[in-house]
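Encoded as structure tokens, the structure appears first; notes follow it.
Residue numbers (my numbering): 29 to 428.
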């Protein structure tokens, strides 16, 4: 027995193409870096720590499957034949979670339930016009990147799936990519989560660049009521969910999951609130990160189609941030300068990250100004808007 077969993780580096071997080492190091940055709260720790850990482990843990092939015993995402799937379910330790929660979009719906139960509709119902207008402008990246992706050689479905990264709603990106581009859902979803973590570091610079300090420090004077009752929020959740399911049934699982979480919150069922928030939301986020990490094998991410996804994903998020700020300026002029245009960036639906970024940057410009209520209204509206647009894109994709 030689050392190559004894220590197969190292030995398999010499059995594959040089590019694959180098990429494995790079991804191991990148995974370790993500764990470190997550632990330091530079990146989102809830996703980045399990994702980085899985990425490092799967690229290190490659073994010899037979005389001619190498592989892992983590997960096999491309298996489709019944016999092969049954074999994978018994061998790969994460295969059951992947097969029964990822491939049908269940994990995205569980996360949406958790998001719903921590979502307060007061902000949306207090400022409905402003919130929805900002959210619509913050979808600009989706509509700009869609034709760009087609021009770069992606199919309409692949381009539509990549463009949803601009909505900044990672579970929704996962759901949409599984429907429109299942062959590319791994790199699309990984890119989405990486960029949403990086947005926390990059969006403040974009905000400072596009909104002068004197405008960032504007205090909004309003007479709007903010004491929206739980009954009103519950009625809104039921009506909105039913109407959206009628209009866009392909996205009904997302709508029903989100609004069910909201309904449970407003009904005051504390046991369910605790279940959805502390168990389902964080449990699903943990396994989502871990599974995405273990799907980041070098042979998958070296696909030539990944580079356009990286470029288009970054562009989509950037344009959406700019679009949100454009919406903020529009409301600023509509309200005769009684609005802080920085709030527009909160329409990018990365809850509650973009709302926190806006409040932080506004506070740096003027410590006495509080705009979080407006930012959260736009933020929550962004979640609803991104799901609606994803549903429309999926429906159109299935019709053409």
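We put the CB at the ideal spot given by N, CA and C, even for glycine.
(request) Could you say which of 105, 386 and 83 lies nearest to residue 210 if we only look at CA atoms? (result) 105
(request) Grab the span of the alpha helix (DSSP H) containing residue 35 for me, first residue to last. (result) That residue, residue 35, is in no alpha helix (DSSP H); it is neither H nor E in DSSP.
(message) Whole angstroms are fine: how far does the CA of residue 92 sit from the CA of residue 69?
(response) 37 Å
(message) On a Cα-Cα basis, can you pick out the residue from 179, 283, 258 and 59 that is closest to residue 419?
(response) 283
(request) Give the straight-line distance between the Cα atoms of residue 67 and residue 73, rounded to the nearest whole angstrom. (result) 6 Å
(message) Bridge partners for residue 355 per DSSP, in chain order?
(response) Answer by DSSP bridge pairing: none, since residue 355 is not bridged.
(request) Could you tell me if residue 167 is buried or exposed, where buried requires 16 or more neighbouring beta carbons within 10 angstroms of its beta carbon? (result) buried
(request) Within its chain, find whatever has a CB closer than 7 Å to the CB of residue 300; leave out the 5 residues flanking it on each side and keep chain order. (result) 292
(message) Using a Cβ-Cβ cutoff of less than 7 Å, which residues in the same chain neighbour residue 199 once the five nearest sequence positions on both sides are dropped?
(response) 136, 139 and 140
(request) Taking residue 147 as the reference, give the member of 88, 411, 65 and 393 with the closest Cα. (result) 411
(request) Go through its chain and collect everything with a Cβ distance to residue 206's Cβ below 6 Å, but skip five positions before and after it. (result) 133 and 213
(message) Is it the case that the region 399–413 contacts the region 174–185, given that we only count it when at least three CB pairs across the two stretches are under 8 Å?
(response) no
(request) Check each candidate in 271, 343 and 368 and name the one with the smallest Cα separation from residue 355. (result) 368
(message) By the DSSP assignment, the alpha helix (DSSP H) with residue 294 in it spans what residues?
(response) 280–295
(request) Would you kindly work out how many angstroms separate the C-alpha atoms of residue 197 and residue 47, rounded to a whole number? (result) 33 Å
(request) Whole angstroms is fine: what's the gap from residue 425's alpha carbon to residue 204's? (result) 11 Å
(request) Going by CA-CA distance only, name the one from 108, 248, 36 and 295 that's closest to residue 266. (result) 295
(message) By alpha-carbon positions, which one of 191, 165, 161 and 162 ends up nearest to residue 175?
(response) 191
(message) In whole angstroms, give me the CA-to-CA distance for residue 258 and residue 150.
(response) 9 Å
(message) Rounding to the nearest angstrom, what Cα-Cα distance links residue 289 and residue 120 in this structure?
(response) 32 Å
(request) Would you identify the three-state DSSP class for residue 133, choosing helix, strand or coil? (result) coil
(message) Within a Cβ cutoff of 7 Å, which residues of the same chain sit near residue 123, ignoring the five residues on either side of it in sequence?
(response) 103, 104, 116 and 117
(request) Check whether the Cβ atoms of residue 376 and residue 348 lie closer than 7 Å to each other. (result) yes
(message) Using the Cβ count rule (16 or more neighbours within 10 Å means buried), how would you classify residue 225?
(response) buried
(message) For a test of the three-state rule: what should DSSP assign to residue 246, helix, strand or coil?
(response) coil
(message) Taking DSSP's pairing of strands, which residues face residue 92 in a bridge?
(response) 98
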